[in-house]
Amino acid sequence: MLDSKSLAGIPLRPANAAAPAPVFPWPAPYTSSMFLSFDVDAESAWTGKDPSHAERLVTMSFGGFEARVGTPKLLELLDRLGLRATFFITGWSVEAHPAMAESILRAGHEVGHHGYHHLLPDPHDPFIEEELERGFEVLKRRLGVVPKGYRAPSGEFCEQLRASLVRHGIVYTSSFRDDVRPYRHVLADGEPGTIELPITASYDDWLLGLTNRFSPRPIFPREHVLSIWKDELDETRDWGAMVTTVLHPQCSGRPMRLRLLREFLQYAQSCPDLWIATGEAIAAHFAEHEASPR
Ligand SMILES: [Zn+2]
């Protein structure tokens, strides 16, 4: 609500108190990097917005595509290209589609935490802790995974979440939009937070290629998307920085989107300076440099 009291409550300081991202070399021979990551929401992408979608079977089928076709196709593509990626999976998706979740793990990819019901972690939301705990519980019980990485469902964050993730042992997060290099979060009490692997809307395929009654958006053709993806990558390489992909099997697992992604990944692999890696590997590299800066 817009009133003078709420306006007076806006702090007169940057929302993110983290120090500037340190500039450090990427592992030789690389001079830039790409965090290759996917968000596996399945039907929880829809029920997380409105639980009554559970009864809207065509809306749900957008998410169901992920387990039936999208994820297997993406795994096949990554296997053919010899790439390892990080998959942030909601707890609900692991419960509802255990075979899909197991296939991701079996293919050698990293599994990260992405909430349970894909609820947006809004400030003061009563479900923040429950979403985290249920997500950890199911990843451990179903997959034997203790995740190092966390990406916020629907890309929102709050101070409570930032502190809670550290208490739960999360090493890195990947949701903020405020840098092109990894950096270390700072909690409200000044203690160190997680390592952030920042993202950009440029590589969120949902914004470029998925449309639905409840998420109506324009669909961009291959030429437009490749132009965005290549320009963002090439300039980032010139900066010696990193890009992070935020790809969804219900979008990029569709035939024409997969064709486009294949072309982009083949281009990325043709760049000899580009380190394509999981979040775990990039965060470990950051931590190593942080411990003994050169
Ligand atoms: Zn998601």
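Counting the sequence shown from 1 gives a position; the working numbering is that position plus 12. Ideal placement from N, C-alpha and C gives every residue a C-beta, glycine not left out.
- Simplified DSSP state of R196, which is helix, strand or coil: The residue labelled residue 196 in the question sits at position 184 within the sequence shown. Three-state result, R196: strand.
- Query: Beta carbon of H65: closer than 7 Å to some heavy atom of ligand 1?
  - Reply: Position 53 of the sequence shown holds residue 65. Closer than 7 Å to some heavy atom of ligand 1: that does not describe the Cβ of H65.
- Query: Should R153 and G120 be called a contact, given that it needs their Cβ atoms to be closer than 8 Å?
  - Reply: In the sequence shown, residue 153 corresponds to position 141, counting from 1. In the sequence shown, residue 120 corresponds to position 108, counting from 1. Going by C-beta atoms, R153 is not nearer than 8 Å to G120.
- Message: Taking the straight line between their C-alpha atoms, what separation do you get for S6 and P37?
- Response: Any property of residue 6 remains undetermined from this structure, which presents the chain solely from 13 to 306.
- Three-state secondary structure assigned by DSSP to Y184: The sequence position of residue 184 within the sequence shown is 172, counting from 1. In the three-state DSSP reduction, Y184 falls in the strand class (E or B).
- Query: Assuming G127 contacts P159 under a Cβ cut-off of 8 Å, what Cβ separation, rounded to an integer in Å, is found between them?
  - Reply: In the sequence shown, the residue the question calls residue 127 occupies position 115. In the sequence shown, the residue the question calls residue 159 occupies position 147. About 11 Å separates the beta carbons of G127 and P159, which is beyond the 8 Å limit, so they are not a contact pair.
- If we ignore side chains and look at the alpha-carbon of each, how far apart do R179 and T83 end up? Reading the sequence shown from its first residue, position 167 is the one you call residue 179. Reading the sequence shown from its first residue, position 71 is the one you call residue 83. Cα-Cα distance, rounded: 31 Å.
- Query: Say the cut is 7 Å; is the CB of D191 nearer than that to a heavy atom of ligand 1?
  - Reply: One-based indexing of the sequence shown puts residue 191 at position 179. The beta carbon of D191 sits no closer than 7 Å to any heavy atom of ligand 1.
- Would you check if the distance between the CB atom of V192 and the CB atom of A253 is smaller than 8 Å? Taking the first residue of the sequence shown as 1, we reach residue 192 at position 180. Taking the first residue of the sequence shown as 1, we reach residue 253 at position 241. Going by C-beta atoms, V192 is nearer than 8 Å to A253.
- Query: From what residue to what residue does the beta strand (DSSP E) around G124 run?
  - Reply: For the purposes of this step, residue 124 is taken as the residue at position 112 of the sequence shown. It spans E122 to H125 - the beta strand (DSSP E) in which G124 sits, taken as one unbroken run.
- Message: For the pair the stretch 272-288 and the stretch 68-76, tell me if three or more CB-CB distances fall below 8 Å.
- Response: No: fewer than three Cβ pairs fall under 8 Å.
- Assign M13 to one of two classes, buried (16 or more other C-beta atoms within 10 Å of its C-beta) or exposed (fewer than that). Position 1 of the sequence shown, counted from the start, is the residue given in the question as residue 13. By the neighbour-count rule (16 or more Cβ atoms within 10 Å), M13 is not buried but exposed.
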